[in-house]
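Chemist:
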Amino acid sequence: MGERRNLFRSQINGSSGWLLKAVYLPINRSLSSGAWCPWVFSGLALLAYTWLTPLRDLYGLEARNGLIAREMLEGGLSLIPKVLDRPYLDYPPLYFWLETLFSWPFGHVCTFSAVFPSALAASGLAALSYYLGREISYYAGWLTAIILATSPEFWLKGSRATIDMLLAFEVTLSIFFLYQRYKEERPVRRWWYILGAALAMISAFFTKGPIGMALPVAIWKGTHSDFTWSFCFSLSGRLGYFPVLSHKPCCIS
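Sequence positions in the sequence shown follow our numbering and run 46 to 298.
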């Protein structure tokens with residue numbers, strides 16, 4: 046066993062071990078520093094939110110979301126959601142797109158494929174809460190993630206097909222990027238963080254409309270007095286959804 050370990054180390058230190066250096070060393074550093082722990086916790090939360098889905102049916106508003114996803118699965122993805130072949134303009138299409146995407150391997154909309162976008166957003170939100178709380182301390186980050194992930198109402202929303210959970214993840218992600226941009230001193234990375242925040246806000250807009258951009262834009266305006274940037278952030282999502290705003294829905298008798 047010791048000979049194999051020494052041989053492996055010699056391969057890493059040798060000139061021919063450049064691939065091992067590129068793969069093994071970063072993984073080893075992340076494992077030794079515990080950087081993988083939030084992602085393991087997020088994966089366990091995802092499993093906890095979805096393990097009961099094969100044992101139940103969709104009910105309430107979940108059935109409406111599943112019906113819209115079934116329309117897209119049968120007729121193709123569309124910018125304007127439809128119910129019984131009639132436009133449904135109460136919500137933008139992003140959550141229904143995700144439902145359709147996760148339903149495609151099954152060939153039909155099931156409880157798991159309808160719930161999975163919400164559960165994935167909830168587990169991602171738990172990981173984001175850890176990274177935001179870690180700015181205070183290591184223990185604050187873990188307490189934040191554990192308390193959030195195990196709160197009864199949060200657990201309930203994460204295990205149902207709820208659009209609000211995806212919205213909460215996207216809004217938190219945009220705030221996370223804005224905070225990282227605020228801390229970052231290197232200009233190139235600051236631009237990348239701005240791009241990430243803009244994409245997260247556009248996704249939030251395509252999830253539940255302008256309300257998804259209200260909080261990030263308010264935070265940006267509170268920390269920056271530049272009107273041009275605030276205007277660009279608030280306008281970025283609206284331009285993308287202009288075809289929906291200009292659509293004339295048919296009359297429903």
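The beta-carbon is built from N, C-alpha and C at its ideal position, and this holds for glycine as well.
#1: Measuring straight from C-alpha to C-alpha, what distance separates ILE72 and LEU89?
#2: Whole-angstrom Cβ separation of ALA171 and GLY178, contact assumed at under 8 Å?
#3: Using 8 Å as the Cβ pair cut-off and three pairs as the minimum, do the stretch 112–121 and the stretch 134–146 touch?
#4: Which stretch, first to last residue, makes up the alpha helix (DSSP H) that contains THR217?
#5: Which same chain residues, not among the five before or five after GLU107, have their C-beta less than 7 Å away from its C-beta?
#6: For ARG301, list the residues DSSP reports as bridge partners.
#7: Should TRP81 be labelled buried (16 or more other beta-carbon atoms within 10 Å of its own) or exposed?
#8: Between the C-alpha atoms of LEU260 and ILE208, what's the straight-line distance to the nearest angstrom?
#9: Apart from the five residues just before and just after VAL154, which ones in its own chain have a Cβ nearer than 6 Å to its Cβ?
#10: Please report the distance separating the alpha-carbon of THR299 from that of PHE161.
#11: Helix, strand or coil for CYS82, going by three-state DSSP, please let me know.
#12: Would ALA190 pass as a contact of PHE222 if the rule is Cβ separation under 9 Å?
Modeler: On the basis of the coordinates in this document:
#1: Residue confidence is low: ILE72 scores 46 on pLDDT, short of 50, so the model does not pin down where it sits. Its coordinate-derived value is still stated next. Going from the Cα of ILE72 to the Cα of LEU89 covers about 20 Å.
#2: Between GLY178 and ALA171 the Cβ distance is about 11 Å, and since that is not below 8 Å, they are no contact.
#3: yes
#4: The continuous alpha helix (DSSP H) containing THR217 extends over residues 208–228.
#5: ALA159, ARG205, ALA206
#6: Since the first residue of the chain shown is 46 and the last is 298, residue 301 is not available in this structure.
#7: exposed
#8: 17 Å
#9: Sequence-distant partners of VAL154 (beyond 5 residues in either direction) whose C-beta falls short of 6 Å from its own C-beta, in its chain, are GLY111, ALA114, ARG115, SER148.
#10: Here the chain comprises residues numbered 46 to 298, so residue 299 is not present and cannot be evaluated.
#11: CYS82: helix per DSSP, three-state reduction.
#12: no
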